[in-house]
Amino acid sequence: MTRTPCPARIVPFLLLDAPMRPLLTFALFCTLLICGQAVAVPFWGARQSSAADTPPAQLKPGEWIWGGVSRGWGPMAVIVSLTEQRAYAYRNGILIGVSTISSGKPGHETPTGVFTILQKDKDHRSSIYNAAPMPYQQRLTWDGVALHAGGLPGYPESHGCVHLPSEFARLLFDNSNMGMVVVVAQAGIDADDVVHPRALSPIDPTTGAERALLPLPNGQVFAWQPELAPTGPISMLVSSSDQQLMVYRNGVEIGRAQVALRAQPGAAPLGTQAFIVGQGYLPGKVAGLPGQRMPNWMRIGIPGSNAAAGQALDADTVARLQVPPAFLAGLLPLLTPGVVLVATDQRILPETTGGKLQVLDSDPPEAP
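In this text, residue positions in the sequence shown follow the numbering used here: the first is 104, and each later residue adds one.
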């Protein structure tokens, strides 16, 4: 004999015995509360990066710039300027991101100093302030100060934490490591170049200590000290206004040279561009260096200007950058696939005047 399965039954609430109703009501309330907490996480700030050439001072509350996912290209460090209400993210000594922030309000001021990331929690909720959501939390102190996504009204209004736009907080969370150095700086307490950072990191990424740029010897056109950082990834920055090429390894400046950018008829202003060393070599030899060859280079896209991403550079374009041969002789062996060069017509040295260089892209193009 075949038995027909009984359909599942739902017991109407009103048919329950009176003593059971409060228990069910409480269970439903708890379920709704838990579900509500799971979804009630606000999204703060802009959802996309502003263009890379946007001056940081022109960023509105909640706006940010991210120059590219760095994929482990050297040590990261962050400078939080309480004076500017902005955070600056550096990878291998070069600026890759900047964001508006909101720090601690009067009576709950964000402490200044050198910190390291002690803990990371993507879905953190406050144990003090009614389980308030603190997404992408990166803890700076054990008594509650952290970087995390939060409100950004355009002035200090937190209880001591550093609030970031949600998407910028996610990018920083995904790219940082435990122990990353974070310097929180304020005018009147810290040096001016730390309170108002530029394209080159003014701090040591391992200690947070302020560091001076590598000086050029008197009367010399370059300085080359690779022993300052014997190993690690290479990043480079060149400014046509300052006529300087800086070389960083593992976040430490190991070389600098006076350079010239040869004019090219009909060429547009340099702006800010990023390049990466590819596989193989350009045809021909390097002038003045018999036996040496120049590697292939290709463009990297930056926010607001991605049209040329992946475009290979020809030998004539590469040769526009004129570098002292003795400096280039030491540099060429280090130019392996993945090395990043950022070129700009902005000034980048602290002793110069003019607009700050904006965020630099260090994101290699996707493999074809």
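Where is the CB? At the ideal position from N, CA and C, for every residue including glycine.
In terms of residues, what are the limits of the beta strand (DSSP E) holding Glu356?
As a position in the sequence shown, residue 356 is number 253, starting the count at 1. Glu356 -> beta strand (DSSP E) spans Val355 to Gln361.
Looking only at its own chain, which residues have a Cβ that is under 8 Å from the Cβ of Gly381, when we skip the five neighbours before and after it?
Residue numbering aside, residue 381 sits at position 278 when the sequence shown is read from its first letter. Hits under 8 Å: Pro398, Asn399, Trp400, Met401, Ala415 and Pro440.
Between which two residues does the alpha helix (DSSP H) holding Phe430 run?
On the sequence shown, residue 430 is found 327 positions in, with the first residue counted as 1. Looking at the DSSP string, the run of the alpha helix (DSSP H) that includes Phe430 is Pro428 to Leu434.
Using CA atoms only, rank isn't needed, just tell me which of Ala360, Gly404, Gly282 and Glu356 is closest to Arg242.
For the purposes of this step, residue 242 is taken as the residue at position 139 of the sequence shown. When only C-alpha atoms are compared, the closest one is Gly282.
Under DSSP, the beta strand (DSSP E) around Thr203 begins and ends at which residues?
In the sequence shown, counting from the first residue as 1, residue 203 sits at position 100. First-last of the beta strand (DSSP E) with Thr203: Ile197 to Thr203.
Grab the span of the alpha helix (DSSP H) containing Arg450 for me, first residue to last.
The residue you call residue 450 lines up with position 347 of the sequence shown. Following the DSSP letters along the chain, one finds Arg450 in no alpha helix (DSSP H), marked with neither H nor E.
Okay, do the segment 416-434 and the segment 263-283 touch, 3+ Cβ pairs below 8 Å being the bar?
no
Three-state secondary structure (DSSP) of Gly139
Residue 139 sits at position 36 when you count from the first residue of the sequence shown. Residue confidence for Gly139 is low, a pLDDT of 47 falling below 50, so the modelled location carries little weight and cannot support an answer.
Residue nearest to Glu347 in terms of C-alpha spacing, selected from Thr309, Gln425, Ala290 and Ala366:
Numbered from 1 along the sequence shown, position 244 holds the residue referred to as residue 347. First, the amino acid is wrong: residue 347 is Gln here, not Glu. Its Cα nearest to that of Gln347, the residue Gln425 stands out among Thr309, Gln425, Ala290 and Ala366.
Counted within 10 angstroms of its Cβ, other Cβ atoms place Glu166 as buried (16 or more) or exposed
The count along the sequence shown starts at 1 and reaches residue 166 at position 63. Buried: at least 16 other Cβ atoms inside 10 Å.
Go to Thr375, then tell me how far its beta strand (DSSP E) extends in each direction, as first and last residue.
Counting from 1 along the sequence shown, the entry for residue 375 is found at position 272. Its beta strand (DSSP E) spans residues Thr375 to Tyr384.
Do the segment 174-188 and the segment 283-299 meet, that is, are 3 or more Cβ pairs less than 8 Å apart?
yes
Please list, in chain order, all residues of the same chain as Pro164 whose beta carbon is under 7 Å from its beta carbon, the five residues on each side excluded.
By 1-based counting over the sequence shown, the position of residue 164 is 61. Here the set comprises Thr203, Leu255, Pro256 and Gly257.
Span of the alpha helix (DSSP H) holding Arg273?
Indexing the sequence shown from 1 puts residue 273 at position 170. Looking at the DSSP string, the run of the alpha helix (DSSP H) that includes Arg273 is Ser269 to Asn278.
Are Thr244 and Phe218 closer than 8 Å when you measure CB to CB?
Locating residue 244 in the sequence shown gives position 141, where the first residue counts as 1. Locating residue 218 in the sequence shown gives position 115, where the first residue counts as 1. Contact: yes.
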